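*Asks:* First, the structure itself, so that you have it in front of you.
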Amino acid sequence: MSKLDIFRSEWLEVVFADKNKSYGAYQLRKTNGANTTRALIIGSVIFLILFFSPKIYSLIKGSMDNQDEQLKAQEVIIAPPPPVDPKTPPPPPVEPPPPKVDQVKMPPPIVKPDEQVRDEEPPTVEKLKEADPGQRDIKGDPTADIQIAEPVGEGPKRTEAVAVDDNKVYDFVSIEKQPEYPGGIAKFYKYLGGAIKYPPMAQENNVQGKVFLSFVVEKDGKLTDIQVTRGLGSGTDEEAIRVLKASPRWNPGIQNGKPVRVKYNINVNFTLN
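The UniProt record's numbering puts the first residue of the sequence shown at 1, with every later residue one more than the last.
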């Protein structure tokens, strides 16, 4: 006895005889085989793409890396320098300018055989008071500038003075002398205690704490660029800025012996008595 297949077209016609076949279960059963085959093909294609995508990506990336290596490994050909003509005479040595003070010949002593020694009188002490010792006699030029030879090798060298930028704002800890309120920081906090007026809104809301500020002490001691880095609100930030703007001038910071602009950080404490 053969297996009964209710999805065969003959059975569909028998089951749906004298019924509406335009939509519903009849259409779904009639197209079931085609839909199943299409779904299997699409699913297989997607699975194969996902399965082989890492391999395809590695092949593409490897070819791109090889192209980059080929571009980097290109040989650079440098043209050789032009040949030197042996007949061209070398440039004459440049004679140094005459020194400001006369120079007398006083070379270091060299041990030689007696027949090679020439009798030359060394310069006298009176002559050395007027001239400097050297390898040969040179007439000095009184109008010439004094030249100081630099030390040879790794000996001590002169340190050049560091130029101070007039508009640069230095950090508080990186300068020679930090700016300071006249009389010290204790006097500054005493000034704050007498100058601060507790804002009414902060009193009503019982706002207490510290307002953190930063400002720049200018070269003349004036406080500028006052900014609140962490505030309390309720009028305390504005009051802290006001008292800093009204502050007496500070002693400016010093760098290389000159006054400079220095950034300073401080906190103002608001406490209700």
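Backbone N, C-alpha and C fix where the C-beta goes; we use that ideal spot for every residue, glycine too. Predicted, not measured: the structure shown is a model, and the values here were computed from it.
#1: Let me know the beta strand (DSSP E) ranges lying completely inside the region 217-257, each 3 residues or longer, listed in chain order.
#2: Can you tell me the Cα-Cα spacing of Asp85 and Ser63, whole angstroms?
#3: What does DSSP give as the partner residues of Phe47 in its beta bridges?
#4: On the three-state DSSP scale, how would you describe Ile175?
#5: Could you work out which residue in Tyr198, Ile254 and Ser174 is closest to Glu238 when comparing CA atoms only?
#6: Taking the alpha carbon of Glu180 as the point to measure from, which residue in Leu50, Glu218, Arg38 and Asn35 has its own alpha carbon closest?
#7: From Arg249, Ala202 and Tyr57, pick the residue whose C-alpha is nearest to that of Gly184; which is it?
#8: Span of the alpha helix (DSSP H) holding Gln203?
#9: What's the C-alpha gap between Ile196 and Lys258?
#10: With respect to the alpha helix (DSSP H) encompassing Gly193, which residues constitute its N-terminal and C-terminal limits?
#11: Taking 6 Å as the limit between beta carbons, can you name the residues of its chain near Lys210, skipping five residues before and five after?
#12: Can you name the residues that DSSP bridges to Gly209?
#13: Pull up the distance between the alpha-carbon of Gln82 and that of Pro93, whole angstroms please.
#14: With a CB to CB cut of under 8 Å and the five nearest residues on each side skipped, what residues in its chain are close to Val216?
#15: Whose C-beta lies closer than 6 Å to the C-beta of Thr271 among residues of the same chain, with five residues either side of it excluded?
#16: From the DSSP output, in three-state form, read off Pro54 for me.
#17: Can you name, in chain order, every residue of its own chain whose Cβ lies under 6 Å from the Cβ of Phe212, other than the five neighbours on each side?
#18: In the DSSP assignment, what are the bridge partners of Lys263?
#19: Between the C-alpha atoms of Ser234 and Gln227, what's the straight-line distance to the nearest angstrom?
*Replies:* With the given structure in hand:
#1: Listed in chain order, they are 223-230 and 253-255.
#2: Translated into the one-based positions of the sequence shown, residue 85 becomes position 85. Translated into the one-based positions of the sequence shown, residue 63 becomes position 63. Rounded to the nearest whole angstrom, the C-alpha separation of Asp85 and Ser63 is 51 Å.
#3: Numbered from 1 along the sequence shown, position 47 holds the residue referred to as residue 47. Looking at the DSSP assignment, Phe47 forms no beta bridge with any residue, so it has no partner.
#4: Here residue 175 refers to the residue found at position 175 when the sequence shown is read from its first residue. DSSP places Ile175 in coil when its eight states are reduced to three.
#5: Position 238 of the sequence shown, counting from 1, holds the residue named residue 238. Closest option to Glu238, Cα to Cα, is Tyr198.
#6: Within the sequence shown, the letter at position 180 stands for residue 180. Residue Glu218 is the option with its Cα nearest to Glu180.
#7: The residue given as residue 184 occupies position 184 in the sequence shown. For Gly184, the closest C-alpha among the options Arg249, Ala202 and Tyr57 is that of Arg249.
#8: Stepping through the sequence shown from its first residue, residue 203 is reached at position 203. Note, Gln203: alpha helix (DSSP H), Pro200 to Glu204.
#9: The sequence position of residue 196 within the sequence shown is 196, counting from 1. The sequence position of residue 258 within the sequence shown is 258, counting from 1. Answer to the nearest angstrom: the Cα atoms are 33 Å apart.
#10: Against the sequence shown, residue 193 aligns to sequence position 193. Following the DSSP letters along the chain, one finds Gly193 inside the alpha helix (DSSP H) bounded by residues Ile185 to Ala195.
#11: Position 210 of the sequence shown, counted from the start, is the residue given in the question as residue 210. Cβ within range, chain order: Asn267 and Asn269.
#12: Here the question's residue 209 lines up with position 209 in the sequence shown. Partner residues in the beta bridge of Gly209, as assigned by DSSP, are Phe270.
#13: To locate residue 82, count along the sequence shown from 1; it is residue 82. To locate residue 93, count along the sequence shown from 1; it is residue 93. In the sequence under discussion, the amino acid at residue 82 is Pro, which differs from the Gln named in the question. Between Pro82 and Pro93, the C-alpha separation is close to 24 Å.
#14: Translated into positions along the sequence shown, residue 216 becomes position 216. For Val216, where only same-chain residues beyond five positions count, the Cβ hits under 8 Å are Val169, Leu223, Thr224, Asp225, Arg261, Val262, Lys263 and Tyr264.
#15: Within the sequence shown, residue 271 is the residue found at index 271, counting from 1. These residues qualify, in order along the chain: Gln208.
#16: Walking along the sequence shown from the start, residue 54 turns up at place 54. Reduced to three states, the DSSP call for Pro54 is helix.
#17: In the sequence shown, residue 212 corresponds to position 212, counting from 1. Answer for Phe212: Thr229, Arg230 and Asn267, listed in chain order.
#18: The residue you call residue 263 lines up with position 263 of the sequence shown. Val216.
#19: Residue numbering aside, residue 234 sits at position 234 when the sequence shown is read from its first letter. Residue numbering aside, residue 227 sits at position 227 when the sequence shown is read from its first letter. The alpha-carbon atoms of Ser234 and Gln227 are separated by roughly 17 Å.
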